[in-house]
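Colleague:
Numbering (the numbering used here), first residue to last: 22 to 533.
1) Report the residue ranges of all beta strand (DSSP E) runs contained in full by the segment 189-262; include only those spanning at least 3 residues, in chain order.
2) For the alpha helix (DSSP H) containing residue 366, list its first residue and its last residue.
3) In angstroms, rounded to a whole number, what distance separates the CA positions of residue 133 and residue 177?
4) Please report the distance separating the alpha-carbon of residue 96 from that of residue 89.
5) Can you give the Cα-Cα distance for residue 170 and residue 212, rounded to whole angstroms?
6) Taking a contact to mean a Cβ-Cβ separation below 8 Å, would you say residue 450 touches residue 394 in this structure?
7) Tell me whether residue 374 is buried or exposed, calling it buried when 16 or more other Cβ atoms sit within 10 Å of its Cβ.
8) Does residue 524 come out as helix, strand or coil in the three-state DSSP assignment?
9) In angstroms, rounded to a whole number, what distance separates the CA positions of residue 479 and residue 348?
10) Output the distance between the C-alpha atoms of residue 184 and residue 193, rounded to the nearest integer angstrom.
11) Any idea what DSSP makes of residue 130, helix, strand or coil?
12) Give the list of continuous alpha helix (DSSP H) stretches no shorter than 4 residues that lie fully inside the segment 140-188.
13) Between residue 209 and residue 237, what straight-line distance do the alpha-carbon atoms span, to the nearest angstrom?
14) Which one of 316, 307, 220 and 507 has the shortest CA to CA distance from residue 339?
15) Please name the residue in 391, 385, 160 and 498 whose C-alpha comes closest to that of residue 475.
16) Buried or exposed: where does residue 500 fall if 16 or more other Cβ atoms within 10 Å of its Cβ makes it buried?
17) Report yes if the CB atom of residue 332 is closer than 8 Å to the CB atom of residue 408, and no otherwise.
18) Taking contact to mean 3 or more Cβ pairs, one atom from each stretch, closer than 8 Å, check whether the segment 189-208 and the segment 244-263 are in contact.
19) Report yes if the CB atom of residue 284 is closer than 8 Å to the CB atom of residue 330, and no otherwise.
20) Could you tell me the distance, in whole angstroms, from the CA atom of residue 380 to the CA atom of residue 492?
21) Which residue marks the beginning of the alpha helix (DSSP H) containing residue 492, and which one marks its end?
22) Can you list, in chain order, the residues of its chain whose CB lies under 6 Å from that of residue 224, leaving out five sequence neighbours each side?
23) Whose C-alpha, out of 460, 119 and 186, is nearest the C-alpha of residue 149?
24) On the DSSP letters alone, give me the boundaries of the alpha helix (DSSP H) that residue 399 sits inside.
25) Compare the Cα-Cα distances from residue 446 to each of 483, 317 and 402 and report the closest residue.
26) Tell me whether residue 265 sits in a helix, a strand or coil according to DSSP, three-state version.
27) What residue does the alpha helix (DSSP H) around residue 113 start on, and which one ends it?
28) Distance check for residue 363 and residue 461, CA to CA, integer angstroms please.
29) So what's residue 332 in DSSP terms, helix, strand or just coil?
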């Protein structure tokens with residue numbers, strides 16, 4: 022925590038794509054319901070009247086300043102002194118004061134106080150309500166701070182408090198955050214949305230853990246979301262809202278949609294919002310902001326993949342045409358998300374019927390996305406990219422047969438994690454396109470061959486080795502689904518592949 026760089030926001034929360042269905046252990050039940058008895062000192066009952074010692078506050082600020090020192094001895098002294106401070110019953114009160122009230126201090130000093138406060142709260146057993154109220158009241162004020170770093174740190178502190186004492190004990194703070202979405206200040210709206218997004222992300226995760234539990238345990242969070250929060254969020258999921266509000270609104274809605282909350286009967290209170298969510302996706306599909314378009318594509322994939330009840334043939338046709346256009350968007354992150362829709366289509370007779378007439382336009386788009394991009398190269402070792410690596414021993418990952426696995430399925434046959442090599446460890450648009458072509462070939466077989474084969478031949482004869490390589494990848498993608506029809510072409514195919522095995526580029530040699 023003390024080593025956080027000056028002026029930087031807390032580490033970003035990983036944008037995890039939900040995998041599999043609900044279930045798992047059920048830790049943190051208090052986050053959705055009530056709270057337990059405190060294990061803090063008895064004098065915490067007077068928390069709201071708390072006054073810190075000015076000398077100690079000054080000492081703390083000095084310690085957080087010294088934490089930037091490159092001298093290891095100074096760092097050790099800082100840690101020892103902070104350990105002594107941490108034994109004080111009201112240490113967290115000092116931290117929230119430095120973080121939220123001492124605006125004359127530098128941003129990095131205040132941020133370090135906030136991050137240490139967040140860590141302390143997370144490790145605490147339980148927190149008395151009056152102490153929690155004091156921290157909430159002051160941290161809520163920091164959501165309005167001019168510094169984005171301080172606002173985002175405040176969001177992490179509030180989220181930790183909510184997880185610790187429960188939604189029912191934080192209603193006033195949560196309602197104020199929701200009310201702040203209507204503030205005239207863009208900074209206040211951004212800070213409030215940031216905090217609410219973190220709260221919703223954690224809350225939805227816990228809702229999934231309650232899938233087999235009585236829904237009464239989740240009622241406080243469910244009621245607050247459906248009655249107080251979501252109506253306000255939908256107001257900002259509109260073309261008329263500022264771009265930062267649109268970004269945060271669709272991100273917040275996706276926490277619920279992508280985790281099956283809008284369309285699962287376990288939580289019927291959310292189901293009326295499903296149709297409205299789909300309408301929002303349609304409206305924001307014409308947005309010009311890349312982050313909004315990326316999240317719109319995520320939403321459409323979710324609706325198609327999970328077969329939402331509001332889905333109908335006409336809507337699906339419009340969505341697929343939009344996703345085809347998004348699959349060739351100039352921005353990589355938009356293409357990456359849009360390409361995810363084609364594999365789920367192969368699991369539905371209705372979707373296959375809609376995709377069939379799109380094949381002549383869709384297949385070239387998939388092949389175009391199978392050419393190496395910067396995202397693919399970033400996941401490789403330098404020896405895979407260099408022209409002459411004859412002196413570098415081949416890794417088993419580079420020469421063994423390569424198959425197209427679904428996203429998130431990165432374990433190898435021996436149960437270990439794949440280590441990259443020429444294929445790379447990260448999911449990319451190239452892999453999404455190859456997986457889509459693989460699944461479409463299995464679904465359409467000879468139908469797709471007449472479309473894809475001329476394109477593959479064209480690529481194999483291209484002057485660019487990267488385009489040639491994408492042709493070989495496409496050939497591998499259709500091999501299983503179209504094998505019977507490919508037999509007649511095998512002599513010519515083998516001739517081309519053997520020739521490419523002598524290419525100067527190791528990536529082209531290895532895939533051939």
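The C-beta atom is built at its ideal place from N, Cα and C for all residues, glycine as well.
In this text the structure is predicted, and so the values were computed from the model without any measurement.
Modeller: If we stick to the structure as given:
1) For the segment 189-262, there is no continuous beta strand (DSSP E) assignment of 3+ residues that stays within its boundaries.
2) Start and end: 363-366.
3) Going from the Cα of residue 133 to the Cα of residue 177 covers about 13 Å.
4) Between the alpha carbons of residue 96 and residue 89 lies a gap of roughly 8 Å.
5) Going by the C-alpha atoms only, they are around 10 Å apart.
6) Going by C-beta atoms, residue 450 is nearer than 8 Å to residue 394.
7) So residue 374 ends up on the exposed side.
8) Note: residue 524 maps to coil in three-state DSSP.
9) Spanning the two alpha carbons is a distance of roughly 21 Å.
10) Spanning the alpha carbons of residue 184 and residue 193 requires a straight line of approximately 15 Å.
11) Residue 130 carries a helical assignment under DSSP once its states are collapsed to helix, strand and coil.
12) Those alpha helix (DSSP H) runs which fall completely within the segment 140-188 and span 4+ residues are 150-163 and 169-186.
13) Those two C-alpha atoms are separated by around 33 Å.
14) Cα-wise, what sits closest to residue 339 is 307.
15) The shortest CA-to-CA distance from residue 475 to any of 391, 385, 160 and 498 is the one to 385.
16) Counting Cβ neighbours within 10 Å, residue 500 comes out exposed, since fewer than 16 surround it.
17) In this structure, residue 408 does not lie closer than 8 Å to residue 332 by Cβ.
18) In the pairwise beta carbon analysis, the segment 189-208 is classified as touching the segment 244-263: at least three pairs are separated by under 8 Å.
19) Cβ distance < 8 Å, so residue 284 and residue 330 count as in contact.
20) Each residue's alpha carbon lies about 17 Å from the other.
21) Counting along the chain, the alpha helix (DSSP H) containing residue 492 begins and ends at 486-500.
22) If you ignore the 5 residues before and after residue 224, its C-beta comes within less than 6 Å of the C-beta of 242, all in its own chain and listed in chain order.
23) Just measuring C-alpha positions, the residue of 460, 119 and 186 sitting nearest residue 149 is 186.
24) Start and end: 395-399.
25) Nearest C-alpha to residue 446: 402.
26) Three-state DSSP puts residue 265 in a helix.
27) In this chain, the alpha helix (DSSP H) harbouring residue 113 covers 112-117.
28) Roughly 8 Å between the two C-alpha positions.
29) Reduced to three states, the DSSP call for residue 332 is coil.
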